[in-house]
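Residue numbers (the working numbering): 51 to 550.
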């Protein structure tokens with residue numbers, strides 16, 4: 051993750067204001083550097099009307115980059131400048147593979163080399179260049195992701211088979227996800243402040259998507275390396291007042307949060323299945339006063355997003371990624387101790403709900419329009435991931451000098467998602483004998499197979515195969531409701547409401 055600032059001026063080199071500079075520095079604590087370039091404008095015959103015939107007309111370019119160094123064996127300070135062409139690169143991306151070849155060192159340097167090769171002088175005066183991230187994601191692809199598989203099941207007896215633990219698509223899904231995660235958790239450098247600290251943390255609600263990532267990370271990291279599970283809970287005064295009036299006594303507002311309960315349950319299951327791993331369940335408890343104190347800063351980071359839902363989601367991500375909380379000894383004895391994670395890599399389950407039909411609206415789309423409606427809804431969700439989620443989330447998460455990594459948005463894994471038939475990703479409408487069911491919620495049973503929700507059923511079966519039976523049955527819960535950042539002051543506010 052890096053911070054980038056660029057300005058173009060007709061009068062002078064422009065540098066960021068103090069607040070903007072602080073944000074840029076926060077995103078890249080390992081290096082901060084500026085590069086200036088002054089270029090002459092085309093002559094009046096070249097069509098630059100702003101020069102107004104001034105032969106000395108110039109433009110002043112300022113490039114500033116900060117760097118969070120997580121790739122390679124050294125800090126690759128930016129901006130990168132090619133001495134011969136004076137080309138400049140400010141890179142804030144994650145390139146894991148190029149032409150199906152894994153990048154083992156620094157991805158910034160490799161991307162700059164390829165960029166220079168692509169734009170080298172050509173005799174063709176019409177040559178142009180265009181780059182597009184097809185999701186869009188931070189994990190840039192070297193080729194467009196294939197269009198989503200929109201085929202529908204036949205109405206003949208050869209209808210789709212039900213999803214079961216041994217289904218090829220389930221086994222392939224687990225394999226691809228493991229490969230995606232391996233790229234993102236191995237060779238992470240030691241935290242500069244604490245050599246014995248965790249290198250990797252999981253944004254951990256205890257739900258299906260993040261717990262699968264934690265479980266697979268256990269298989270890929272050295273057995274003695276700790277993994278931090280960052281679990282955030284908020285004091286919601288409206289909910290606390292309602293509980294007090296109903297129950298007559300005040301329980302812990304933090305331990306009563308749905309995500310804290312789910313988190314502890316999934317944490318216990320991880321400890322049972324992987325007892326040798328030093329798991330750290332980090333309880334991040336945010337009082338209401340602290341939420342209000344940071345609210346303006348969160349709004350500044352999430353811009354241009356500006357709705358109640360955006361604020362609720364980003365507040366949870368902001369405090370979770372700060373990683374300041376408390377931990378209890380592994381044997382659950384003793385007093386919780388203050389703890390701040392040293393991890394600079396944060397694993398996020400973003401993308402799983404969109405690709406594998408995990409939202410309630412997917413069930414509704416199937417109930418109304420069958421497979422066609424479900425396919426269209428998934429296609430819509432995947433297509434707007436970049437606009438609705440990724441930029442906003444990264445701006446907030448990177449504020450603490452950490453980098454979010456999204457295994458579910460890996461290039462190979464994402465290609466499997468859109469190209470796989472919808473009934474190989476979720477269990478809506480397929481009966482146990484393989485025939486399409488007539489309606490209802492699509493929940494079906496197969497002999498000797500677990501009873502699981504149809505939403506994200508392929509992922510649920512992966513969890514089941516990994517020994518996490520409780521996790522496989524967890525219901526989907528939005529982060530703003532699980533952590534209780536939503537509707538803090540009024541129960542009548544709507545998520546789509548624009549902030550004043």
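Note that beta-carbon positions come from the ideal geometry of N, C-alpha and C, so glycine has one too.
- The residue from 544, 399 and 538 with its alpha-carbon nearest to that of residue 506 is 399.
- It is roughly 43 Å from the alpha-carbon of residue 86 to the alpha-carbon of residue 403.
- Unbroken alpha helix (DSSP H) runs of no fewer than 4 residues, entirely contained in the stretch 276-315, are found at 287-297, following chain order.
- Along the stretch 513-540, the alpha helix (DSSP H) occurs as fully enclosed runs of 4 or more residues at 519-522 and 529-532, listed in sequence order.
- Taking a 10 Å sphere around the C-beta of residue 294, we find fewer than 16 other C-beta atoms and assign the residue as exposed.
- Distances from the alpha-carbon of residue 115 to those of 128, 108 and 124 put 128 closest.
- The beta carbon of residue 75 sits closer than 6 Å to the beta carbons of 82 and 116 from its chain, once the five residues preceding and following it are set aside; these are given in chain order.
- Residue 139 is bridged by DSSP to 130.
- In the DSSP assignment, residue 55 falls within the beta strand (DSSP E) that extends over 52-59.
- Leaving aside the five residues that flank residue 79 on each side, the residues in its chain whose CB is nearer than 6 Å to its CB run, in chain order, 451.
- As computed with DSSP, residue 79 is found in a beta bridge with 117.
- If you keep only unbroken alpha helix (DSSP H) runs of at least 4 residues inside the stretch 212-268, you get 218-235.
- The alpha carbon of residue 448 has as its nearest neighbour, out of 356, 77 and 215, the alpha carbon of 77.
- Each residue's CA atom was taken as its position, placing residue 377 and residue 278 some 10 Å apart.
- Closest by C-alpha distance to residue 107, out of 91, 409 and 118, is 91.
- Remark: fewer than three beta-carbon pairs, one from each stretch, lie closer than 8 Å, so the stretch 360-367 and the stretch 414-431 are not flagged as touching.
- If you draw a straight line from the Cα of residue 58 to the Cα of residue 140, it comes to about 15 Å.
- Between the stretch 273-290 and the stretch 330-338 there are three or more C-beta pairs closer than 8 Å, enough to call the two in contact.
- Between the beta-carbon of residue 249 and that of residue 393 there is about 6 Å, and that keeps the pair under the 8 Å contact cut.
- For residue 368, there is no enclosing beta strand (DSSP E); the enclosing alpha helix (DSSP H) covers residues 358-372.
- Sequence-distant partners of residue 131 (beyond 5 residues in either direction) whose C-beta falls short of 7 Å from its own C-beta, in its chain, are 85 and 138.
- Following the DSSP letters along the chain, one finds residue 391 in no beta strand (DSSP E), marked with neither H nor E.
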